[in-house]
Amino acid sequence: MNLPPLTQRFVLHFGEMGSRWGINRTVGQIYALLYVSAKPLNADEVGEALSFSRSNVSMGLKELQSWTAWCV
4 MNLPPLTQRF
14 VLHFGEMGSR
24 WGINRTVGQI
34 YALLYVSAKP
44 LNADEVGEAL
54 SFSRSNVSMG
64 LKELQSWTAW
74 CV
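Under our numbering, the first residue of the sequence shown carries the number 4, and numbering increases by one thereafter.
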């Protein structure tokens with residue numbers, strides 16, 4: 004999956020900003036990608052879009068899921 008240049012820049016920038024906010028850069032990039040995606044993405048699509056390993060995507064998604072516990 005090739006991301007449009009603007010989306011790539013947004014995802015990279017959000018990951019950088021996330022690391023300054025105390026969020027893992029990978030988690031920030033996954034969050035940004037899911038936020039701007041026009042459709043739901045599965046783990047394989049996230050990994051392909053961001054060139055992340057399956058294990059990095061899995062750990063990142065688990066981290067994002069843990070956020071819902073304190074958001075509810």
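C-beta atoms are modelled at their ideal positions from N, C-alpha and C, and glycine is treated no differently.
Does DSSP put residue 25 in a helix, a strand or coil?
-> coil
How is residue 4 classed by DSSP in three states: helix, strand or coil?
-> coil
Local Cβ density within 10 Å of residue 34, reported as buried at 16 or more and exposed below that = buried
Any idea what DSSP makes of residue 44, helix, strand or coil?
-> coil
Is residue 58 helix, strand or coil by DSSP?
-> helix
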